[in-house]
Amino acid sequence: MGEARVNECRCCKTAIEESMTFGQMPIANAFLPKSDSYNEYFFEMATAFCSNCFAYQLLEQPDAEMMFHENYAFYSRQSKFMQIHFKSYADWVLENYLDNPDNSFVVEIGSNDGIMLENFAKQRIKHLGVDPSSNVVDEAIKHGVQSIVSFFGLDSSKDIKGEYGLADAIISANVMCHLPDLNDIAKGAHNLLNEKGVLIFEDPYLGSMLEKVSYDQIYDEHVYIFSALSTSKIFGKHGFELINLAPQETHGGSMRYVFAKKGQRAIQPIVQEILGDELAKGFDSAETYKQFKENCENSKSRLVTILNNAKKAGKTIAGYGATSKSTTILNYCGIGPELIDFISDTTPIKQNKVTPGMHIPVESYEFFKENIPDMIILFAWNHANEIIEKEKDAIDKSVEWVTHLPNFQLKI
Ligand code: TYD
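Under numbering that gives the first Met the number 0, the first residue of the sequence shown is numbered 0, with each subsequent residue one higher.
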């Protein structure tokens, strides 16, 4: 079903050992129709750190076909904030890396419903989205974004090059960390890009995860949590060099990485600054990940205590946002419907279902508005500003908002 648990780094084949385990985990986005009995797939979600290429990674990952398929429950367009973010990402690429937009070709790896590429499509810039889930590709095409159903790698890069020509930019957002075989991606990108071409991707940042103890960034799809140190090592082996970095607020703290073919473009000073900062913080040391494990365990006891106490006091508790990330929190902490009455989510295909593993009902936003609880656990904490803005006048001040993050201040 899934790949066998690895005992060597996926990128450089160095022997690796378990840093921590989150226990048995279902597929994060596998919401289930309500039923009396459930037959689910579980895998052991454990992480390891590679002392050679510094990649923090899952030891075992379910097969891609189990996670990304025609029923993939994630449509990027759900969030207005993300629409704005992708527009500014596209503008940034255009401004900094497309010298001649009218003659440029932009490829996106994991283009989902076309939320980013439509910004290029609207300006009639040649583009192609590549995504393995047919339902999101259909949605992208409806929005005028040229897209194909495919996994990206060396083989598909040859087909794309044959049909469309060399690319000026290959971009992606919240996708690269899903891809176990980064060597194949790097080879494919190197093959498809022209000499001055750039590979740009952004993903949840290891530095933010360690600092916030946002261990919910780890779930089946996120096989890696990247740093500048690890990405520069991994892509550096394939003729690329890290030329720019841009920290992002999205997904609770992300990093945008820009790679160019070696010697083709100037390296920005921020690259050395961030690499130095990561070394100073010990991202290259196994000790750092031992401390992270302890921080996760403390976060778990804190959250379970908060919810148990609220329940004992007779309070009603609901979740806000049936995020993929919440699957990690709920299953790691063993929190089910005995503690959380329901989780509100605006995504239609998640509604009237139950959450993977812990089987908490997922209800519509309308249901939530009619059943405001005493306590809200904000699972979509990465959208806190957007959500608080939307809810601050509608929800009574006596309702308590909590998250699993030990130092997260909710400003309501
Ligand atoms: P997201 O934060 O993208 O995270 P993940 O990758 O962990 O799934 O998902 C946000 C989820 O929260 C999505 O299912 C939609 C839901 N949501 C709401 O229900 N209401 C909101 O106002 C927002 C912003 C999101």
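Every residue, glycine too, gets a C-beta built ideally from N, C-alpha and C. Nothing here was measured: the structure is a model prediction, and the numbers come from that model.
Within 8 Å, strictly: CB atoms of residue i and residue j
i	j	result
GLY128	GLY113	yes
LEU228	LEU274	yes
GLN60	ASP215	no
PHE30	THR354	yes
LYS125	SER103	yes
VAL106	LEU191	yes
ILE376	GLY318	yes
SER298	HIS403	yes
GLU240	LYS261	yes
SER146	GLY187	no
ARG4	PRO179	no
Start-to-end residues for the alpha helix (DSSP H) that takes in residue i
i	result
PHE225	Note, PHE225: premise wrong, no alpha helix (DSSP H); not H, not E.
ILE359	Looking at the DSSP string, ILE359 is not in any alpha helix (DSSP H), and its letter there is neither H nor E.
LYS186	181 to 191
GLY206	205 to 211
ASN384	383 to 390
TYR288	285 to 311
GLY275	268 to 279
Assigned exposure category for residue i - 16 Cβ within 10 Å defines buried
i	result
ASN28	buried
ARG255	buried
PRO405	exposed
ASN308	exposed
TYR364	exposed
SER110	buried
TYR204	buried
ILE266	exposed
GLY152	buried
GLN271	exposed
GLU117	buried
LYS324	buried
LYS33	exposed
SER300	exposed
THR249	buried
ALA139	buried
Candidates the options, of which the one nearest residue i by Cα
i	options	result
LYS289	ALA3, MET24, PHE48, LYS79	PHE48
GLU64	ASP183, HIS177, GLY252	HIS177
GLU43	PHE21, ASP35, HIS250	PHE21
GLU399	ASP98, PRO372, GLY164	PRO372
ASN51	ALA285, VAL148, SER343	ALA285
SER78	THR345, HIS358, MET357	THR345
HIS189	ALA172, ALA166, ILE15	ALA166
LYS410	PHE291, THR46, LYS391	LYS391
SER343	ASP276, PHE367, SER18	PHE367
ASN173	LYS141, ALA185, ILE108	ILE108
SER397	LYS389, ASN351, THR315	THR315
GLY251	CYS11, ASP137, ILE217	ILE217
Residue i beta carbon near the ligand GTP (any heavy atom closer than 7 Å)
i	result
LYS352	No copy of the ligand GTP occurs in the structure displayed; its ligands are the ligand TYD alone.
Residue range of the beta strand (DSSP E) that includes residue i
i	result
PRO25	17 to 25
TYR331	No beta strand (DSSP E) holds TYR331; the alpha helix (DSSP H) holding it covers 323 to 332.
**Q.** Inside the segment 132 to 173 only - beta strand (DSSP E) runs reaching at least 3 residues
**A.** 146 to 148, 166 to 172
Q. Which whole runs of the alpha helix (DSSP H) in the segment 87 to 126 are 4 residues long or more, in chain order?
A. 117 to 120
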